[in-house]
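Some notes on the structure that comes next.
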Amino acid sequence: MILIDKIICLVVVFLSQVVWSQNQERIVLNGRINSNTNDLEGVYVVNAQTEVMVTTTADGSFSIKARSGDTLVFSSIQFKENRVLLTPENFSDLNYTVKLNLLMYQLQEVIVKRYDNINAVALGIIPSGQKSYTDAERKLHTATALNPTANAGTMAGGSISVDPLLNFFSGRTAMLKKEVAVEKKESYMRLLENLFTLDHFVNKLKIPLEYVKGFEYYVVENDKFTAILNSKNKTSTEFLLGELAVKYKEIIAIENK
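Heads up, the sequence shown is in my numbering, so the first residue is 337 and it goes up one at a time.
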């Protein structure tokens, strides 16, 4: 009987704490991040319960509404993701600090074998020093590169090809530069679609179905977003995607007035 009474008391205390935590009003938590680098600005701090997001300042400081029992998620390109469960003590700590670890990319094993005399240049597959290009980049390089050996057989001492100059004045160079830019944006869009499903855009970000493709074009025009996207940090990409979704929906609302 005594054992049952103790169990009941423990359950009552536990439930009381849960109810108190749920009813507790969220207040502003001030803190800062710390790491082995001076680059502390722009780290995402997200309340996992409310999905409210802020970013750190240059000195690593942040302010976000939260309460005991909430989980804060810290994420950035250069840091490992860190999830922190808040306790009552965190709110009374005037120097609340969260330690973040730099994200280091390490190879599990590197085996170096020297074959100095066997390579693509030595085998005559590619000329020495030749750079690899995509189709669009190759066209642009061809259109803009001055070739001092062009027409050497027809003019004494050789001459410089006038093709790049003609391309410049005809606008072809500008067109090819645009083609390279479009090619990069298309690769970003493919990467974006591999990371997030259509359902994420429509149901999570609340982008109308008919505007999803337009939203994809909109975000890949953002240099900050493409840099994060290219890092393949899904958490940081998702946070910034949410910010851009809010702005894009505002644009849609204005256009539909």
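From the three backbone atoms N, C-alpha and C, an ideal C-beta is built for every residue, glycine too.
query: At least three beta-carbon pairs within less than 8 Å, the stretch 552-570 to the stretch 578-591; result: yes
query: Check: Asn372 C-beta below 7 Å from any heavy atom of the ligand ATP; result: With respect to the ligand ATP, the structure shown offers nothing to examine, as it has no ligands at all.
query: Which residues DSSP lists as bridging Arg419, in chain order; result: Val409
query: Residue(s) in a DSSP beta bridge with Ile369; result: Val434
query: Three-state secondary structure assigned by DSSP to Ala402; result: strand
query: Per-residue DSSP class, three states only, for Thr393; result: coil
query: C-alpha distance - Ser404 paired with Val382, whole-angstrom precision; result: 15 Å
query: Where Asn426 sits in the DSSP three-state scheme; result: helix
query: CB contact flag (Gly378, Phe398, <8 Å); result: no
query: Cα-Cα separation, Leu438 to Glu591; result: 43 Å
query: Three-state secondary structure (DSSP) of Val388; result: coil
query: Contacts around Lys416, its chain only, beta-carbon distance under 6 Å, and the 5 residues preceding and following it disregarded; result: Asn437, Leu439
query: Cα-Cα separation, Thr573 to Asp429; result: 31 Å
query: Opening and closing residue of the alpha helix (DSSP H) in which Val582 lies; result: 570-591
query: Reduced DSSP category for Ile363 - H, G, I as helix; E, B as strand; rest coil; result: strand
query: DSSP beta-bridge partners of Tyr380; result: Thr391, Ser411
query: Neighbourhood of Tyr547 by C-beta distance below 8 Å, restricted to the same chain and skipping five residues each side; result: Tyr584, Ile588
query: Ala394 beta carbon less than 8 Å from that of Leu365; result: no
query: For Lys514, three-class secondary structure by DSSP; result: helix
query: DSSP-derived helix/strand/coil call for Leu534; result: helix
query: For Thr562 and Tyr524, believed in contact at Cβ under 8 Å, the rounded distance; result: 5 Å
query: Buried or exposed by the 16-neighbour rule on C-beta atoms within 10 Å, applied to Val434; result: buried
query: Rounded separation between Glu515 and Glu522 - CA only; result: 10 Å
query: For Leu527, the three-state DSSP class (helix, strand or coil); result: helix
query: Pair within 8 Å by beta-carbon distance, Gly578 and Leu528; result: no
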